[in-house]
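Chains as they are written, first to last, in my numbering: chain S, 376 to 787; chain Y, 538 to 789; chain B, 5 to 388. Report on the following structure.
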Amino acid sequence: MTTADIFLWFTAGLLILSIAAYVFARNKAIHIENTEGRLHSRPNFFGWYAVSKILTPAFIIGFIYSILHMSGLVSQPQALLAIVFITAIINFAISIKHIQRNFRARQAVEKTSKRLFFIAALISILTTIGIVFSVLFEAIRFFNIIPLWDFLTGTTWNPDTAFLIGAGRDEGGAVPEFGSLPIFAGTLMITVIAMLVAIPVGLFAAIYMSEYASSRVRNILKPTLEILAGIPTVVYGFFAAITISPLVVKAAEALGLHADFTNALAPGVIMGVMIIPFISSLSDDVIRAVPQPLRDGSLALGTTQSETIRHVVLPSAFPGIVAAFLLAVSRAIGETMIVVMAAGLRPNLTANPLEGVTTVTVKIVEALTGDQEFDSAFTLAAFALGLVLLIVTLVLNIGSTIIVRKFTQRYE
Amino acid sequence: MSKPKISVSDLKLWYGDHETLHGIDVDFEAKKVTALIGPSGCGKSTLLRCLNRMNDRIVGCRIEGSVLLDGKDINAPDVDVVQLRTHVGMVFQKPNPFPKSIYENIIYAPQIHGMVDKQGMDELVETALRKASIWDEVKDKLHEPGTALSGGQQQRLCIARTIAVKPDVILMDEPCSALDPIATAKIEELIDELKQDFTIIMVTHNMQQAARVSDNTAFFYMGNLIEFGETSTLFSQPQQQQTEDYITGRFG
Amino acid sequence: MSLSPQLKRRYRADKRFKFYGLTAIVFALCFLIFFFVDIIGKAVPAFEQAYIQVPVSYNQSVIHNYNRAIPKEYRRLVSKSFLRTLGQKLEAHPELMNTTQEEWALANHRVDQFLKGHEGHGLKKKYRKTVEQMYQDGKIEFRFNTNFFTRGDSKMAENAGVLAAAMGSIMVLLITIAVSVPIGVMTAIYLEEFAPDNRFTQAIEVNINNLAAIPSILYGLLGLAIFINVMGVPRSSALAGGLTLALMTLPVIIISTRAALRSVPQSIRDAAFGLGASSLQVVIHHVLPLAFPGILTGSIIGLAQAMGETAPLLIVGMMAYIPDAPGSIFDAATVLPAQVYTWSSESIRAFEERTAAGILVLLTVLLSLNALAVYLRKKFEVRW
Numbered sequence: 376m377t378t379a380d381i382f383l384w385f386t387a388g389l390l391i392l393s394i395a396a397y398v399f400a401r402n403k404a405i406h407i408e409n410t411e412g413r414l415h416s417r418p419n420f421f422g423w424y425a426v427s428k429i430l431t432p433a434f435i436i437g438f439i440y441s442i443l444h445m446s447g448l449v450s451q452p453q454a455l456l457a458i459v460f461i462t463a464i465i466n467f468a469i470s471i472k473h474i475q476r477n478f479r480a481r482q483a484v485e486k487t488s489k490r491l492f493f494i495a496a497l498i499s500i501l502t503t504i505g506i507v508f509s510v511l512f513e514a515i516r517f518f519n520i521i522p523l524w525d526f527l528t529g530t531t532w533n534p535d536t537a538f539l540i541g542a543g544r545d546e547g548g549a550v551p552e553f554g555s556l557p558i559f560a561g562t563l564m565i566t567v568i569a570m571l572v573a574i575p576v577g578l579f580a581a582i583y584m585s586e587y588a589s590s591r592v593r594n595i596l597k598p599t600l601e602i603l604a605g606i607p608t609v610v611y612g613f614f615a616a617i618t619i620s621p622l623v624v625k626a627a628e629a630l631g632l633h634a635d636f637t638n639a640l641a642p643g644v645i646m647g648v649m650i651i652p653f654i655s656s657l658s659d660d661v662i663r664a665v666p667q668p669l670r671d672g673s674l675a676l677g678t679t680q681s682e683t684i685r686h687v688v689l690p691s692a693f694p695g696i697v698a699a700f701l702l703a704v705s706r707a708i709g710e711t712m713i714v715v716m717a718a719g720l721r722p723n724l725t726a727n728p729l730e731g732v733t734t735v736t737v738k739i740v741e742a743l744t745g746d747q748e749f750d751s752a753f754t755l756a757a758f759a760l761g762l763v764l765l766i767v768t769l770v771l772n773i774g775s776t777i778i779v780r781k782f783t784q785r786y787e
Numbered sequence: 538m539s540k541p542k543i544s545v546s547d548l549k550l551w552y553g554d555h556e557t558l559h560g561i562d563v564d565f566e567a568k569k570v571t572a573l574i575g576p577s578g579c580g581k582s583t584l585l586r587c588l589n590r591m592n593d594r595i596v597g598c599r600i601e602g603s604v605l606l607d608g609k610d611i612n613a614p615d616v617d618v619v620q621l622r623t624h625v626g627m628v629f630q631k632p633n634p635f636p637k638s639i640y641e642n643i644i645y646a647p648q649i650h651g652m653v654d655k656q657g658m659d660e661l662v663e664t665a666l667r668k669a670s671i672w673d674e675v676k677d678k679l680h681e682p683g684t685a686l687s688g689g690q691q692q693r694l695c696i697a698r699t700i701a702v703k704p705d706v707i708l709m710d711e712p713c714s715a716l717d718p719i720a721t722a723k724i725e726e727l728i729d730e731l732k733q734d735f736t737i738i739m740v741t742h743n744m745q746q747a748a749r750v751s752d753n754t755a756f757f758y759m760g761n762l763i764e765f766g767e768t769s770t771l772f773s774q775p776q777q778q779q780t781e782d783y784i785t786g787r788f789g
Numbered sequence: 005m006s007l008s009p010q011l012k013r014r015y016r017a018d019k020r021f022k023f024y025g026l027t028a029i030v031f032a033l034c035f036l037i038f039f040f041v042d043i044i045g046k047a048v049p050a051f052e053q054a055y056i057q058v059p060v061s062y063n064q065s066v067i068h069n070y071n072r073a074i075p076k077e078y079r080r081l082v083s084k085s086f087l088r089t090l091g092q093k094l095e096a097h098p099e100l101m102n103t104t105q106e107e108w109a110l111a112n113h114r115v116d117q118f119l120k121g122h123e124g125h126g127l128k129k130k131y132r133k134t135v136e137q138m139y140q141d142g143k144i145e146f147r148f149n150t151n152f153f154t155r156g157d158s159k160m161a162e163n164a165g166v167l168a169a170a171m172g173s174i175m176v177l178l179i180t181i182a183v184s185v186p187i188g189v190m191t192a193i194y195l196e197e198f199a200p201d202n203r204f205t206q207a208i209e210v211n212i213n214n215l216a217a218i219p220s221i222l223y224g225l226l227g228l229a230i231f232i233n234v235m236g237v238p239r240s241s242a243l244a245g246g247l248t249l250a251l252m253t254l255p256v257i258i259i260s261t262r263a264a265l266r267s268v269p270q271s272i273r274d275a276a277f278g279l280g281a282s283s284l285q286v287v288i289h290h291v292l293p294l295a296f297p298g299i300l301t302g303s304i305i306g307l308a309q310a311m312g313e314t315a316p317l318l319i320v321g322m323m324a325y326i327p328d329a330p331g332s333i334f335d336a337a338t339v340l341p342a343q344v345y346t347w348s349s350e351s352i353r354a355f356e357e358r359t360a361a362g363i364l365v366l367l368t369v370l371l372s373l374n375a376l377a378v379y380l381r382k383k384f385e386v387r388w
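Pasting the structure below:
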């Protein structure tokens, strides 16, 4: 039995049983009401009560089984289905028996639904734990092979031989090297280029929209700029690789310089453009939240509009703007498709944006989309890089939250 | 009456199609406190905001008539609004210190106007704060945020901020309405001192306040100036029925 | 009053500052225009496809070697996908045996690109004259490229279409909706309506905000490690992709649903409670219906985001060569953005315009979804 089959049987069986239970329980409730007088709860609740009685144990059993199955302890899908359905039918019978005139079906149903809502809320926690652990475990396995210090400070990334070892063809020779410094440097360079585009353009666009434009113009401009954020990153990647990179190469030639087709400039600039609306929309919101009396107070002292903006409005909105910057940086670091398509594959420790560099996300994709054995250091390296990415973005996000909180306290 | 500091004649103002001021004629004497009173929506704050053109920022706001400052029309095309506001300062209803330190709050405008060099800054801050009678309370915390002060202190800081620019006229738009009685008393005291140096025009809701601090009072109703005169006269022997009704509390 | 030089300088600074703002806006708008013109310009040729009129001789040898059906000089001009169908056609229509028909065949991508005047068309010199002559004689003509919308991916550029990827996208999106919307809405209801204000609830809230900021590729690592390696979901399947995207979309839906629930005034809850409704009834009968438009727009925006997402799907293997629409959620599938990615890495020139055309299809769908969200928000906007 494949997973798919088990899944289908499980779902279909429970669905049929649930419908039967609902109809049966509700009918019994209606019958009692007609013969014995008004019930404590409405008949629908009795139906739902029966359904919840069937589904709750079924999902608990299914969950326990999945855990056991994943840990490799049991693998008897037929037994699982049998146990699930037998329990369900027994519970069906019990719940029907429970249906009495004074039974508090509504309370029972509400209790179950609240638990259900709570479990849903737990899933978001589980997702975080899942991300942390899935990255952490594999990363630890990687660090057992390659010491953490070598990984963080090494300047050569040369995993080719790791792939041979992974393929079971350890033919000696060169030792694979996993020094990720050039990869971090490449990520940093592209992020910096992106920020050099996004921060001035985004911030000035926000200032223009919030302080100068009429509300009608603003209502058109803001959603128009947000189109930039709605364009899929794979599209930007294509645009950067096919249109912008050749332009950069030509422009460099015209200036007598040499540029690679995988130069850092093209993906950096395009990433910056993509991030403009993050900065402009968030900054526009915080700038508009600066109270009008502050502006009036400054203008009444005989300052020009730009002086008021620079000396009073922007400092007041500063925490919000910084928070927007940090989120934008974390966005740029984690951005994948643009760099996969337009940046290079070769790790390169350079300060020249016309050369090709590679980034953390590019290496993750490269390592995990090949036909590598999952256990090779080459594949595991992706998780080590993922761990670094996770930590950096979390720090940036938490940092932005703290800045916002601190500054709001100070000026509240 | 000596030559007026500000002379308003036949001033009409529209917000869009709605006429809010219907031809106001009033003169404000130099180095005196003039109170503008009247029920809410009578146009007194609107008039005040015309005196340093704060209404410029409002879309659809239109003005007719003239406002003369020292005999010169402030709405004339060659008058620069930024320069005008250095002569006619304003204090607002709710204290609005900038989210900067007390020191920076004071020094901000003089610096922008190039009125002060590095050496003179400390002195200017001290003078302004002393004139606003707040120096003793804040001299030890000049570099703490102005927003950390109490409401009354914030308002005096805003007054000090305005004084630092050395204007001729200070407009006050209900400067005490957000304050408690003790803070209010301090501000009123301050206003009394300030009139030695400045022409003060204040809007107030509080008739006792107008009676206590002002030399002249103007009563507005529905966008018209109903009565204008010396405060003592206006409150004891109002000429108009509407004025009497208002100050005796029959409406408002 | 004449202006002092100092004031003049300040005014110049003022003008300059405003000018910077305007420049920023103009830069962004110009980019947008340049971008769309560029993509549309690259995409439009893909909607036309060259067809070529050739004599097809049906005989016994065609069954064994379809190349023989066409005279040698035309063989390299016709798409292999046309030749491959000849054997089946002969089986279906035995009466054609030993006849020669003039037929319109799908032209090879090299012919197509050559006639469109694209560099890198790859048509050999010796064929160019023939092709030009045939085009003048009306034996080659351009028709609307229906294949692009009715076929899946193909190694033959002239035959490649977006249908399989579009079906894959729909399947993945349905899974994403089925998983993320109920869980997201239930989470939001729990947090807004039932959760006690304690540390655990705060932890969930902080956690959701952090989840929204985690790079999408890490969701791919999660999908690979948990769904594929631990749970045994088949790699490259729509299920793996859908579940991964569902987790990624979850915070977006939770956040927008919470905002929608919060905008329902307390007085409505009080009124319902006052009539003796239970807390669950208040939520289901009153709060949810009133918050529904907000939830709907939030969900549409989240799903549009998921639909344009590529990185996590590459990690869970959804970049394979998929010529046919997937039969079930367990089959290997690809999605529109992943198809765009695979095409963009092809070296054949004809794939470039197909990539652009695929992008155009994707953008059209996404922009319509977003426009729909904006429209719904405007239409159902309630001011309390």
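Even for Gly, the Cβ is constructed at its ideal location relative to N, Cα and C. Bear in mind the structure is a predicted one, so any value in this text is a computation, not a measurement.
- When 9 Å is used as the limit between beta carbons, residue 10/B is near these residues of chain Y: 650, 651, in chain order.
- Closer than 8 Å to the CB of residue 628/Y there is not a single CB belonging to chain B.
- Check the Cα spacing between residue 496/S and each of 95/B, 197/B, 299/B, 290/B: the tightest is with 197/B.
- DSSP places residue 52/B within a strand segment (E or B) once states are collapsed to three.
- Per DSSP, the unbroken beta strand (DSSP E) holding residue 706/Y starts and ends at 706-710.
- Distances from the CA of residue 502/S to each of 85/B, 27/B, 231/B were compared; the closest alpha carbon is that of 231/B.
- When DSSP states are grouped into helix, strand and coil, residue 660/S belongs to the helix group.
- Interface with chain B (8 Å Cβ-Cβ cutoff): residue 628/S is excluded.
- Against residue 495/S, the close residues of chain B are 187, 190, 191, 194, in the order they occur along the chain (beta-carbon pairs closer than 7 Å).
- By the Cβ neighbour-count rule, residue 424/S is buried, with 16 or more other Cβ atoms within 10 Å of its own.
- With contacts defined as CB atoms closer than 8 Å, residue 526/S and residue 225/B fail to qualify as a contacting pair.
- Per DSSP, the unbroken alpha helix (DSSP H) holding residue 588/Y starts and ends at 581-588.
- Secondary-structure assignment with DSSP links residue 637/Y through no beta bridge to anything.
- Within the stretch 468-531 of chain S, the complete alpha helix (DSSP H) segments of 4 residues or longer fall at 480-520, 523-528, listed in chain order.
- Under the criterion of beta carbons closer than 8 Å, residue 744/Y and residue 784/Y qualify as touching, at roughly 6 Å.
- Per the coordinates, the alpha-carbon of residue 191/B lies some 7 Å from the alpha-carbon of residue 258/B.
- In this structure, residue 146/B and residue 681/S do not form a Cβ contact; the two beta carbons are roughly 56 Å apart against a cut-off of 8 Å.
- Annotation for residue 754/Y: the continuous beta strand (DSSP E) segment containing it runs 753-758.
- Look at the stretch 666-690 of chain S: the residues with a C-beta under 8 Å from a C-beta of chain Y are 666, 668, 669, 671, 672, 673, 674, 675, 676, 677, 678, 679, 682, 686, 687, 690.
- Burial check for residue 555/Y: the Cβ neighbour count within 10 Å stays below 16, so the residue is exposed.
- Under DSSP, residue 776/Y takes part in no beta bridge, so it has no partner.
- Rounded to whole angstroms, the Cβ separation of residue 173/B and residue 339/B is 4 Å, and the two are in contact under 8 Å.
- Closest in C-alpha terms to residue 379/B, from the list 302/B, 365/B, 362/B, 347/B, comes 302/B.
- For residue 105/B, the enclosing beta strand (DSSP E) stretches over residues 103-110.
- Shown here for residue 517/S: same chain residues with a beta carbon closer than 7 Å to its own, the five before and five after excluded, namely 752, 755, 756, 758, 759 in chain order.
- Under the Cβ distance rule, residue 619/Y counts among the residues neighbouring chain B, one pair being separated by less than 8 Å.
- The Cβ of residue 7/B sits closer than 8 Å to at least one Cβ of chain Y.
- Shown here, residue 743/Y sits in coil according to DSSP, grouped into three states, outside any helix or strand.
- Beta-bridge pairing by DSSP links residue 433/S to no other residue.
- A straight-line Cα-Cα distance of about 14 Å links residue 323/B and residue 158/B.
- In the structure shown, residue 609/Y falls within a strand segment according to DSSP collapsed to helix, strand and coil.
- Annotated three-state conformation of residue 733/Y is coil, per DSSP.
- Residue 546/Y carries a strand assignment under DSSP once its states are collapsed to helix, strand and coil.
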